[in-house]
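Residues 1 to 286 in full-length UniProt numbering are what the sequence shown spells out, letter by letter. Glycine is no exception: its CB is placed at the ideal position from the N, C-alpha and C atoms.
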Amino acid sequence: MEVHTTTGKQRLNRLRPLSVGFVIILVCCLSAIVFAGTVGSGDRANSMLQDYPEGELGEIVKLGEAIVMNTAEHPLSKQYVGNKLNCTSCHLDGGRHETAASFLGTATAYPAWSPREQTVITLEDRALNCFMRSQNGTRPPNGSRVSVAVTTYITWLSQGSELKMNGEKPLGPNHTPALDLEGIQPDVARGEELYTDRCADCHGDNGDEEPPIWGADSYNDGAGLSRNAKLASWLKVAMPLDDATLTVQEAYDLAAFVNSHKRPHFVLSEHLPDDAKLGEYNGTVK
């Protein structure tokens, strides 16, 4: 009987091609798993938005995007805007920015409890109320083409996010994170220096350029950004544009300076449309 023996070296040589191939496959699989684990909800949402829906739905999504990008001048929305701001002035990149008032995932948080209105509101309520405050204009009618288009666009941007209604505030999963400002005091004078150095090139010496951030053409004092803490939180993740490097103190100082200027005063009754176009404003705070 002939006996065939195999040395350890021969066995290693036989196994090496299989081992290398297996390792390559294993590394690729693990890399994919690790990568998938690091993708946030904003990344997932963006990855799903390569194409608009087909048919009329897609056209309404595109219309909503066009209104968000050019709210003050779009023929459908300009009648409801009382200043020179567009939705994208605050919701950067048309709401695609992952932290600056992001629309990514926002629709999944509604219906939501609103401390300001002291009632449960829908996504449509939230969008329409913004016309009254941040855009110092008139609330569009419920069910209007503007309302349907904007909320359809926001819902499209929310694809892939888990539905989780918010029982505390009308905020989506990628809302601007609130800064911890405990023990910090804002300094308007420092804010003015920062503004001159880092903001005036775009917004102008008088805050009335692109886009206006105080004065008659900016948001009124009923808007969320009229509160220093909220504006500071937004500035921290959004400004300067494409170089958001402000410290917490700098963001707070800038917010205090910007909001130290005059802006329109908010009176709810002056921003509601005629009863025939109102539908129902369901806020219990008048």
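If you follow the alpha helix (DSSP H) that residue i is part of, which residue opens it and which one closes it?
{"i": "A244", "result": "Run containing A244: none; DSSP gives neither H nor E here."}
{"i": "H203", "result": "A200 to H203"}
{"i": "A276", "result": "D275 to L278"}
{"i": "W156", "result": "R145 to W156"}
{"i": "G69", "result": "The sequence given here has Met at residue 69, not Gly. M69 -> alpha helix (DSSP H) spans G55 to M69."}
{"i": "S89", "result": "C87 to C90"}
Just curious, the beta strand (DSSP E) that residue i is in, first and last residue?
{"i": "T122", "result": "Note, T122: premise wrong, no beta strand (DSSP E); not H, not E."}
From residue i to residue j, what distance separates their C-alpha atoms?
{"i": "H265", "j": "W214", "result": "12 Å"}
{"i": "R190", "j": "S147", "result": "41 Å"}
{"i": "C130", "j": "K277", "result": "17 Å"}
{"i": "Q159", "j": "S233", "result": "26 Å"}
{"i": "V248", "j": "D242", "result": "17 Å"}
{"i": "T284", "j": "D221", "result": "19 Å"}
{"i": "L268", "j": "M132", "result": "8 Å"}
{"i": "A238", "j": "A244", "result": "5 Å"}
{"i": "I67", "j": "L76", "result": "8 Å"}
{"i": "R96", "j": "P273", "result": "30 Å"}
{"i": "residue 315", "j": "N70", "result": "This structure cannot speak to residue 315, because the chain is shown only from 1 to 286."}
{"i": "Q127", "j": "E193", "result": "The identity of residue 127 in the sequence shown is Ala, whereas the question assumes Gln. Using only the alpha carbons, I get a separation of about 35 Å."}
{"i": "V39", "j": "E56", "result": "With a pLDDT of only 37 at V39, under 50, the local geometry of the prediction cannot be trusted, and no value is derived from it."}
With which residues is residue i paired in a DSSP beta bridge?
{"i": "W113", "result": "V120"}
What whole-angstrom Cβ distance do residue i and residue j have, given they're in contact under 8 Å?
{"i": "G105", "j": "N174", "result": "5 Å"}
{"i": "K236", "j": "L246", "result": "6 Å"}
{"i": "E124", "j": "N136", "result": "Not really, about 20 Å apart at Cβ, beyond 8 Å."}
{"i": "residue 308", "j": "D217", "result": "Any answer about residue 308 is impossible in this case: the structure gives the chain only from 1 up to 286."}
{"i": "A101", "j": "C90", "result": "5 Å"}
{"i": "Y219", "j": "S134", "result": "5 Å"}
{"i": "T99", "j": "P177", "result": "7 Å"}
*Does the pairing of the region 110-119 with the region 182-197 give three or more beta-carbon distances under 8 Å?*
no
*Check whether the region 153-172 touches the region 249-263, taking contact to mean three or more Cβ pairs, one atom from each stretch, closer than 8 Å.*
no
*Pair every Cβ in the region 113-123 with every Cβ in the region 53-61, then say whether three or more of these pairs are closer than 8 Å.*
no
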